[in-house]
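Heads up: take any position in the sequence shown, counting from 1, add 2, and you land on the numbering used here.
Glycine is no exception: its CB is placed at the ideal position from the N, C-alpha and C atoms.
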Amino acid sequence: MATHKQIELKNEVFFITFTCYRWLPLFQITDLYSYFNKWFKYLADNETSLLAYVIMPNHFHCVLFVDDSCTKSLNSLVGNGKRFLAYEVIKRLKLTKNHRLLEQLSEGVTSKERNKGKLHQVFKPSFDGKLCFNRKMVETKLDYIHRNPESLVLDYTKYPHSSVGFYFREETHDFLKDYKDFI
Numbered sequence: 003m004a005t006h007k008q009i010e011l012k013n014e015v016f017f018i019t020f021t022c023y024r025w026l027p028l029f030q031i032t033d034l035y036s037y038f039n040k041w042f043k044y045l046a047d048n049e050t051s052l053l054a055y056v057i058m059p060n061h062f063h064c065v066l067f068v069d070d071s072c073t074k075s076l077n078s079l080v081g082n083g084k085r086f087l088a089y090e091v092i093k094r095l096k097l098t099k100n101h102r103l104l105e106q107l108s109e110g111v112t113s114k115e116r117n118k119g120k121l122h123q124v125f126k127p128s129f130d131g132k133l134c135f136n137r138k139m140v141e142t143k144l145d146y147i148h149r150n151p152e153s154l155v156l157d158y159t160k161y162p163h164s165s166v167g168f169y170f171r172e173e174t175h176d177f178l179k180d181y182k183d184f185i
């Protein structure tokens, strides 16, 4: 369910999803995959642990643990991440002179948003945030996240833009933490 209300809960695990405008494969077109690490660092700097993620060509899923010491709401954490990513998407589209796509993203801005200075609609409004109540629910979400790219690759355990390598092949990741340490 899309959330338009502030989520102030702390010391909890959340499953998060946000989607590119019109399901456009903006992450793939702009090769934004490694840029997500800037947002992951922002999360870590704000006492929020990344437990799992997958970056698909047109949407993103993750599992986050928001610590009691975090001074920001979940909405602020996700909203800032989407803002960082949106600016970079637009920057890369301009660099590659992808005027057709820039025009399409511009057409997605409402007149009210345009009056406030917004120029492009990179994401669907808001995000989906679901509280994970127990370990079984977290494990279900991790399985969903890791299997999400099954239609893109022959072996989902080798998909490079997710936490699957961290959990299945014990690869290191600067910002991932094991969910078992949190729930």
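Assigned exposure category for residue i - 16 Cβ within 10 Å defines buried
i	result
residue 80	buried
residue 71	exposed
residue 119	exposed
residue 51	buried
residue 155	exposed
residue 1	This structure does not reach residue 1, given that the chain is present from 3 up to 185, and the question cannot be answered.
residue 150	buried
residue 28	buried
Residue i, DSSP secondary structure in three states
i	result
residue 130	strand
residue 184	coil
residue 97	helix
residue 13	coil
residue 86	helix
residue 113	helix
residue 178	strand
One or two residues paired with residue i in a DSSP bridge
i	result
residue 55	64
Distance between beta carbons of residue j and residue i, contact taken as under 8 Å
i	j	result
residue 103	residue 95	6 Å
residue 41	residue 83	4 Å
residue 20	residue 177	Not a contact, Cβ separation roughly 18 Å.
Inset, instruction - State whether the segment 164-175 contacts the segment 53-63, with contact taken as three or more CB pairs (one from each stretch) at a distance under 8 Å. - result: yes
Inset, instruction - Say whether the segment 144-160 touches the segment 32-51, bearing in mind that this needs 3 or more beta-carbon pairs closer than 8 Å, one atom from each stretch. - result: no
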